Each structure stands twice: as structure tokens, then as C-alpha cells.
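In the working numbering, the protein residues as written are 18 to 379. Ideal Cβ positions, reconstructed from N, Cα and C, are used throughout, including at glycine. Nothing here was measured: the structure is a model prediction, and the numbers come from that model. The next block holds one structure in the form of C-alpha cells; read it before the comments.
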Ligand SMILES: Cc1ncc(COP(=O)(O)O)c(C=O)c1O
């Protein structure tokens, strides 16, 4: 059963001066809008108490299951303002379906696609003033999430669950232009194994990635690259928050096949767009040995990461224990930059949306 998310407006919104100040330099994930969406699920009643209300802290019993057993999932998507002032989401149905898959994996109740979309849309409508202006750079980042709010100790699925959406204005990911990043190839840590939660967007995956990310930074790299559970010369998986894509001299756009990685919306969009860039999309396993030799002999010409937050991020260098290498000349590749511009053009309504990916909210 789905339903409406009625709005009770806050009596204490941010002042216009404060909001304008925040929107002038929002950064990422630092400021939150005036409202939030919530809904509650119990095994007896199902989903109920849907609402958009003032942004406010939760009151949780210290035994709330999420605090102990990490029964939690989340999503991330953005609202974009077009030049005519209208506001749009990019493929939100993809996020709704992935949220339902994550819920099944974490033994949480599924939220219908309709409830997911309504909650996100109504929150954007309530907080429209927080959607950055149409300069083609900023967006309103939306964070739907669900957690076990039942007060009990014991390893079993909670029968009281809370769903919520919060929103945070986001500035350009690369404020001073798109530069490439470097990845640390982790052989110490893996992110996922067969039968695990790698394909789910659950908080525990990110908690487990933090030590690897810290290790990457200690080695002077921006992000970690996880290998599959075979480690060493095993298959490439993804970075902590982004999917990995390679371009070959033979004109292929290759990305690791799904299974233990997140089914990224940006990855999926890039695969769908490949033909428009005269690239053949290929989903298959890629070993570290293949990446290293391909970078050395020039058969791999570009590497990039794909994610909602950063769209397309050029990857120009890799480092692991006892080696480092660059891709091409060490500068962002031409396909990488062209794909990035094209996706941004669709999202900001600057080119025709031939795939029907945009979803109007306002
Ligand atoms: C582990 C991981 N892989 C890939 C992605 C990219 O997914 P999407 O393009 O849907 O944002 C994300 C970001 O959500 C992520 O956290």
C-alpha cells in the first residue's frame, strides 16, 4: 500500500539570508534543508504515518537495533534545476528499485516505488527554495534511508522500521575544474564476497570501507580500489563510492560485471550511452594484471569512475604495494570528458533527453 506524504510546514525555517549564504557555497553534505520525509513500518500495520515535516532529530532507544546490528540501507540521488526554473530528477525509478533490492537483502520491509518517488518529490516541493539556481553546477542531493528502529537486543529482523528522506544542497564536485584522481589498490581489505552485501547499499559496507580508504590516503591516493575476494591478482571491483570503467584502444567501454558490486545508476547510464560515443559496452571481469599491462602497452587508454555525486571522475593513476602507474599521459581522457559533459547536459536539460531519463518535479 502506498499513500500521500502530507506536509506540515516548519514554523522555524532558515532565514532567506542564511539560505542564500549556504547556497552560495554549499560544499557537499554539510547543510540540510528545512524539512524531511518520514514513514514508519511495523509488522502489524505495514507502512503508515507518512509525512513531510520539519527537519528534526530522531529519538531512539539506546537498544534500537540499527545501533547494534546495522540493519540499515540508503540511496542517493539529485534534483537539478533547469534554465527555465523547472526542477527534475534523473532516473529516480532506478534508485527506488535498488532501494527495494537493498531492503530485501537486509531483511527490511520493501517500500513501494510509488512511496519512494512521492516522498522524494514532496520533499523537493517543500524545500524548492533550496534547489540551487540553474547555473548547471549545483543540485539538491537527496538521501532516502531506512533503519531498524525497534528497541531490543537480539539478532533478528526488526519489526519496527523507520524510513526517511533528507536533502542537502550540493555545489560542483570539482569547483576548480575536472582533474583526475589516483586510486590505491587494496590487497589488505576487500569490500564484498559472494553471498555478502556488496550489491546492497547498506551502511555496513561503508563502515567496512573506511579503514581501506584511510590506508589509501596514507599512501597519497584519493580513493581506494577494491579487488574481489581472490585478492592479489584478482578482479577489479569498484572504489568506495564509485563504479569503475575502462576505455580500450579497440573502442570498448569495459566495466566489471555485476554481482558483488553496487549496480550504479551512473554506470548503467554510461553503458546505455556508449554506442552514441562509438564505444562498445562490455560487462566482464577485469584482472589487476590486465589493467597493469593494458596501461603499460597502451591498450587501456582511459579509466574513469562513475557515481551520482561526482558524475564521471577521471582516474589517472594507480598505486599498490611496490608499484605505481599512470593511464595514458596522466591527463583526463577525451571519452571520459565527453561522457561527463553529455550526462550533465541531460541532467541540466541542455540536450534532448532521448532515453526518457528525466522526471519532472516542479
Ligand atoms: C559503492 C558504490 N559504488 C558505486 C556507486 C555509484 O552508484 P550511483 O551511480 O548509483 O551513484 C556508489 C554511489 O552510490 C557507491 O556507493
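Legend entry - Selection from 166, 92, 142, 365 that minimises the alpha carbon distance to residue 153: For the purposes of this step, residue 153 is identified with residue 136 of the chain shown, where counting begins at 1. The residue from 166, 92, 142, 365 with its alpha-carbon nearest to that of residue 153 is 365.
Inset, instruction - Give me the Cα-Cα distance between residue 396 and residue 80, rounded to the nearest whole angstrom. - result: There is simply no residue 396 to check, as the chain begins at 18 and stops at 379 in what is shown.
Inset, instruction - Would you kindly check if the distance between the Cβ of residue 318 and the Cβ of residue 360 is under 7 Å? - result: The residue given as residue 360 occupies position 343 in the chain shown. The residue given as residue 318 occupies position 301 in the chain shown. Cβ atoms of residue 360 and residue 318: not closer than 7 Å.
Inset, instruction - Drop a sphere of 10 angstroms on the beta-carbon of residue 347, count the other beta-carbons inside from all chains shown, and report buried for 16 or more, exposed for fewer. - result: Counting from one through the chain shown, the residue named residue 347 turns up at place 330. Per the 10 Å Cβ criterion, exposed.
Legend entry - DSSP state of residue 119 mapped onto helix, strand, coil: Here the question's residue 119 lines up with position 102 in the chain shown. DSSP, reduced to helix, strand and coil, places residue 119 within a helical segment of the structure shown.
Legend entry - Among 151, 325, 267, 343, the one whose alpha carbon lies nearest that of residue 333: Walking along the chain shown from the start, residue 333 turns up at place 316. The residue among 151, 325, 267, 343 with its C-alpha nearest the C-alpha of residue 333 is 343.
Legend entry - Limits of the alpha helix (DSSP H) - the one that residue 85 falls within: On the chain shown, residue 85 is found 68 positions in, with the first residue counted as 1. First-last of the alpha helix (DSSP H) with residue 85: 82-86.
Legend entry - beta strand (DSSP E) runs contained entirely in the stretch 183-210, provided each spans 3 or more residues: Fully enclosed beta strand (DSSP E) runs of 3 or longer: 198-203.
Inset, instruction - On the DSSP bridge assignment, give the partners of residue 124 in chain order. - result: The residue given as residue 124 occupies position 107 in the chain shown. Looking at the DSSP assignment, residue 124 forms no beta bridge with any residue, so it has no partner.
Legend entry - With 16 other Cβ atoms within 10 Å as the buried cut-off, status of residue 210: Sequence index remark: in the chain shown, residue 210 carries index 193 (1-based). By the 10 Å Cβ count, residue 210 comes out exposed.
Legend entry - Contact the stretch 88-103 vs the stretch 59-66: 3+ CB pairs below 8 Å: Contact between the stretch 88-103 and the stretch 59-66 is absent, because fewer than three Cβ pairs lie under 8 Å.
Inset, instruction - For the alpha helix (DSSP H) holding residue 166, just list the boundary residues, first then last. - result: Taking the first residue of the chain shown as position 1, residue 166 is located at position 149. Counted as a single uninterrupted DSSP element, the stretch harbouring residue 166 is not any alpha helix (DSSP H), since DSSP gives it neither H nor E.
Inset, instruction - Using 6 Å as the cut-off, classify the Cβ of residue 281 as near or not near the heavy atoms of ligand 1, replying yes or no. - result: Within the chain shown, the letter at position 264 stands for residue 281. Because some heavy atom of ligand 1 lies under 6 Å away, the Cβ of residue 281 counts as near it: yes.
Inset, instruction - Return yes when at least one heavy atom of ligand 1 lies under 6 Å from the C-beta of residue 255, else no. - result: Position 238 of the chain shown holds residue 255. Here the distance from the Cβ of residue 255 to the nearest heavy atom of ligand 1 is below 6 Å.
Inset, instruction - Indicate whether residue 336 and residue 147 have their beta-carbon atoms separated by less than 7 Å. - result: Translated into positions along the chain shown, residue 336 becomes position 319. Translated into positions along the chain shown, residue 147 becomes position 130. Between residue 336 and residue 147, the CB-CB gap reaches or exceeds 7 Å.
Legend entry - residue 42 - DSSP class collapsed to helix/strand/coil: As a working mapping, residue 42 is identified with position 25 in the chain shown. If DSSP states are grouped into helix, strand and coil, residue 42 belongs with coil.
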